[in-house]
Each structure stands twice: as C-alpha cells, then as structure tokens.
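Beneath this line is the structure, given in structure tokens, with notes to follow.
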Amino acid sequence: MWVANLDQWIGSSRDHGDCLDRFDQDRAARKPEGLLRERFVSSRVILRQILGALLRVRPADLRFEIDTHGKPALMDPHRSQCFNLSHSGAALLIGTSMSAHVGVDVEVSRSVPKALQLSKRVFTAGERLLLTQASEISEAERDEAFLRIWTRKEAYLKCRGEGFTTPARNYAVGLQGTTLLDGIEVRGVDLPFPGYAALASATPVHHVHRYQLCRDDTI
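Count the sequence shown with this note's numbering and you get residues 7 to 225, in order.
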C-alpha cells in the first residue's frame, strides 16, 4: 500500500513529465484546468514511478488500458502486475500485488448529510441498520460508519473488476474487521491522516506494508 498527499506533488508534470505517455496526457487534458488536473497528473506520475520500480522498467515504458468497467490495468508484458488506486481530495492510495487482483478505496474525513439516503442504493439491510444505529448516537458517528462501509464496499467491487456497475446492495462487507466474501478478503486500512481506507484482495493478506511517499522520496 502506498499513500501520498497529491498537493505535495503539484508541479510533478514539470519535474517528471517525461514519464507520462499520450494515454496519460489525453486523460489529463479532459480534466478541468487547475487543481483537479494537477492532482490527476501527480497521481499518474506517482503510479508510474511505483510500478516502474517494482517491475524494474522505465516508468515511461509502461502502457495502460481501461477495461469496460473503467478499471485501469497494465498491458503486456506487465499484465501480471496488479494494482489499483483511489484518491479523495489530496489523498492518494495505491495498492499493488504480484499475485492477485486488488481493489482499494480512500475517503478523507468529511460530513455526509445524505448518508442514510445514499445507503438505500448501495448498502445491505444489515449495513443500513448499522448506519441507523450510528446515526442515533451522533452525526459524527453516522459519517464514520458510512465512510467505513463505503470504502470497504468500493474496494471489494473494484477488486471484482466491476465497480458500482454491479448491484452493491447484494454484497455485505461489514463495518470493521476482516470480511471474506466470494473468495475476496476485505479489510480496513489505517491512514496517517484523518480519513478511511480499505483494501480488497483475491488472495489472503497476512500483512499490509504501508509506505507514505513524499515528493523527494526515491521509490
């Protein structure tokens, strides 16, 4: 697991722009100018540097494709290197594995005033009950419960390769601990900043190695 503050990497396109290919540049051009585009570019630079270091190839030589559900993957000859990324605000989370499909999701701490309404579309009956019980305690408890379940569910669906194109209400990922669902292990991940994150893996994870990256780090 790799964690980074994207705002610390603003300007990375000027320092590392040579590692971006036309695929990245075209996607960046479709983003609104300003902070959103800068953060996207930074996320691609970081992703390429991590994968390049793991595969021992030049970051610029990596080629990506997007599947029908919008999940990015490496093209041959590096297709066996699995990865997934998520960002929320300035927070970036990347999961990598040489042996199994992975899914990750991150959300910075925030208020979710429509949590109960949103949960009707994506939470199971049991998960909605947990959210209702948290809401009866306080708004802060409601927000925490919603974001914990949400990140676990999105990580699980991304590991499946389907995202929210599949009926999310059919899959109970729970609120805490480790959940095994259809052969996929789902767990929460601690962050070095206020927020919530989850990892889903198609093989058991005995230990999560988490690395916090700064712009001047050597990967």
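Yeah, the Cβ is synthetic: ideal placement off N, Cα and C, and Gly gets one too.
Assigned with DSSP and collapsed to three states, E113 falls in strand. If the five residues before and after S115 are omitted, its C-beta is found closer than 6 angstroms to the C-beta atoms of P200, G201, all from its own chain and listed in chain order. The beta carbons of V110 and N90 sit about 5 angstroms from each other, so the pair counts as a contact at 8 angstroms. A distance below 7 angstroms between beta-carbons, with the five flanking residues on each side excluded, links M81 to the following residues of its chain, in chain order: R69, F70, E71. Residue pairing of I190 in beta bridges, as defined by DSSP: L187. Secondary structure of E150 (DSSP, three-state): helix. Taking 8 angstroms as the upper bound for CB-CB distance, L197 and V9 are in contact here, some 7 angstroms apart. T102 sits in a strand when the DSSP states are folded into three classes. With respect to the C-alpha of G101, the residue from L57, L135, A140 having the closest C-alpha is L57.
For A206, the enclosing beta strand (DSSP E) begins and ends at 201-207.
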